[in-house]
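Quick notes on the structure that follows.
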Amino acid sequence: MGLAPAPFNAWYFAWFALTPLWILIRQQKSLQQIAILALAWGIGYDGLALFWITGVHPMTWMGVPWLASLAIAIFCWVFITLWGAGVVVTWAVLFGLITQKLNNSFSDSLIKVLIGAALWCGLETLWSHTPLWWPAIAYTQSPHNLVILQLGKLSGVNTVTAVIITVNGLIAESILTRHKYQNKNSFKSKIFLIASPFIILIISHLLGFYLYQIPVAKDNLAPLKVGIIQGNIPNEIKLFSEGWRKAIAGYTSGYQRLARQGVDVVLTPEGALPFYWEDVINDSSFYRAVIREQVPAWVGALKRNNRGYYTSIFTLTGSGKTYSRYDKYKLVPLGEYIPFESILGKFISRLSPLEASFTAGNSNQIFETPFGKAIIAICYESAFPQHFWRQAQAGGEFIITASNNAHYSKTMPTQHHAHDVMRAIESDRWAARATNTGYSAIVDPHGKTLWISAIDRYTIHADTIYRRQNKTLYVRWGDWLTPTLILLSGLLIWWSQIRSSST
């Protein structure tokens with residue numbers, strides 16, 4: 073499974089990579105053995121998928137000694153790998169406990185598949201509401217298998233997750249029952265069980281293809297020509313005098329060139345201007361350029377508060393007024409704050425050269441712009457579907473994301489783009505992405521990447537996105553599938569127990 077996401081991009085492995093673990097769990101009676109097997113599988117998946125975190129090393133530019141930097145990078149990798157593997161271990165133990173109470177009939181095999189999918193979706197939902205989340209099983213399909221990702225319009229990311237787990241489970245159950253069902257009626261059940269994963273795979277992709285073929289209408293929609301600046305300022309210099317000069321020069325000249333191309337607004341990345349906002353609008357060259365060109369901009373900068381500062385995106389109008397502000401809500405654990413600081417703070421410091429503390433913004437912010445409500449995310453927030461869902465439900469008409477992925481290896485920006493592709497599909501919105509070093513992009517509501525930047529290169533780009541007000545089933549109802557699966561699983565377990573006791 074770890075080969076499915078970037079950098080390997082073997083997304084097709086996800087459709088059978090869970091099958092061996094499923095079979096082993098079903099054959100084990102010891103919960104300890106089940107937990108060990110699941111931990112090994114989880115480490116394999118999360119460890120490979122999240123290996124990019126080691127790209128924070130070396131941190132000598134922050135004054136961290138080389139060996140200490142290596143130790144910190146390894147600690148971060150191990151910590152987030154084990155946290156992600158917790159989903160698999162919890163799922164396996166619960167799945168083992170429940171399925172051991174069921175018999176091996178054909179109907180109970182199908183119930184076990186439903187239970188497996190319901191548990192996985194429920195646990196991923198639970199983990200996604202914690203501060204630390206990234207490698208959902210569904211993101212293994214992004215951005216390559218756009219057909220199956222269209223199912224996200226129905227009930228969000230867990231729609232895709234449920235299909236993947238169901239296919240894996242049906243393959244496993246068909247293997248486990250290959251020597252059973254010898255009479256005629258049972259043989260038909262066996263054939264159905266063998267065929268069922270392929271049936272589910274085909275039907276789900278046909279449904280996704282149907283949704284994918286629906287044209288992305290542009291008529292009667294308000295176009296918005298967005299200019300994107302990718303400043304390409306390495307973190308090693310970003311927060312020092314050389315980086316400050318380069319930021320002011322690069323973003324000012326990029327803004328001027330885009331304004332003269334006739335864009336409606338210019339989008340910059342997270343922390344594009346690494347200064348307090350009061351200093352930016354106090355006669356900086358960028359601010360003077362906005363006054364002169366009179367084209368609005370979404371600017372990444374810092375905002376002071378009593379506890380430290382916010383990482384923010386500001387809407388600066390063409391007249392030089394601050395129209396709105398969005399403060400980053402989901403901070404990066406270990407980078408922008410220390411989770412369980414009373415314990416972990418004794419062993420590891422926050423991975424930032426800034427002395428002041430980052431502060432999380434409010435969870436219920438609405439980003440108003442001169443062009444209507446926007447769905448906005450800063451960097452790490454792209455991994456949290458509910459963050460986008462809330463804003464889409466509140467009337468967000470397009471997506472803008474601003475990020476700085478320069479801390480990590482080149483794998484991370486690819487995975488980050490995969491998350492934003494999924495968010496565009498789920499909400500049926502156009503998306504504009506601006507990053508510091510790549511990948512900046514334009515994504516349509518079907519998840520097609522219409523333009524993507526090169527990595528580690530200064531880039532400006534102008535493109536048109538469209539404001540949309542329609543609401544997908546997911547935006548209207550949220551993730552209705554997960555509670556439905558859990559409820560249905562509970563009812564079927566109860567029915568199976570009653571049936572067993574009566575016989």
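Each residue of the sequence shown is one higher than the one before, starting from 73 at the first, in our numbering.
Heads up, the beta-carbon is just placed ideally off N, CA and C, and yes, glycines get one too.
Residue range L103 to A121 is occupied by the alpha helix (DSSP H) that includes Q105, with no beta strand (DSSP E) assigned at that position.
Per the DSSP secondary-structure output, T387 pairs in a beta bridge with W370 and S396. In this structure, the CA atom of L560 is about 17 Å from the CA atom of T233. Between D492 and T473, the gap from beta carbon to beta carbon is short of 8 Å. For F439, the enclosing beta strand (DSSP E) starts and ends at F439 to T441. Bridge partners of Y382 according to DSSP: K375. For W523, the uninterrupted beta strand (DSSP E) run begins and ends at T521 to I524, by DSSP. Membership of L169 in the alpha helix (DSSP H) is indicated by the continuous run W138 to T171. Of all alpha-carbon atoms in P405, L564, G372 and V362, the one lying nearest the alpha-carbon of T389 is that of V362. Going by beta carbons, T441 and T387 fall inside the 8 Å limit.
Relative to P79, the option among T483, R495 and I532 whose CA is nearest is T483. Shown here for L403: same chain residues with a beta carbon closer than 7 Å to its own, the five before and five after excluded, namely Y409, F430 and A432 in chain order. Between L103 and G168 a beta carbon distance of about 6 Å is seen, short of the 8 Å cut, so the two are scored as contacting. Burial is judged here by how many other beta carbons sit within 10 angstroms of a residue's own beta carbon; L278 has fewer than 16 and is exposed.
Proximity to I565 across I183, L265 and L142 peaks at I183, based on C-alpha coordinates. Here P269 has V239, L242 and I243 as same chain residues with Cβ atoms under 6 Å from its own Cβ, once five neighbours each way along the sequence are excluded. Assignment of L339 by DSSP, reduced to helix, strand and coil, places it in the strand class.
Taking G326 as the centre and dropping the five residues before and after it, the same chain places the C-beta of I301 and I532 closer than 6 Å to its C-beta, in chain order. Restricting attention to A143, N508, A496 and A369, the CA atom closest to the CA of N542 is found in A496. Sequence-distant Cβ neighbours of L374 in its own chain, meaning closer than 8 Å and more than five residues away, are G343, P346, F347, Y348, W349, Y381, Y382, T383 and S384.
Approximately 23 Å separates the beta-carbon atoms of L293 and R462; this is outside 8 Å, ruling out the contact. Between Q222 and L283, the C-beta spacing is below 8 Å.
Classified as exposed, R317 has fewer than 16 neighbouring CB atoms from the shown chains inside 10 Å of its CB. Membership of A506 in the beta strand (DSSP E) is indicated by the continuous run A503 to T507. Burial check for N378: the Cβ neighbour count within 10 Å stays below 16, so the residue is exposed.
With three or more CB-CB distances shorter than 8 Å, the segment 159-167 counts as touching the segment 190-201. In this structure, the beta-carbon distance from P485 to I450 does not fall below 8 Å.
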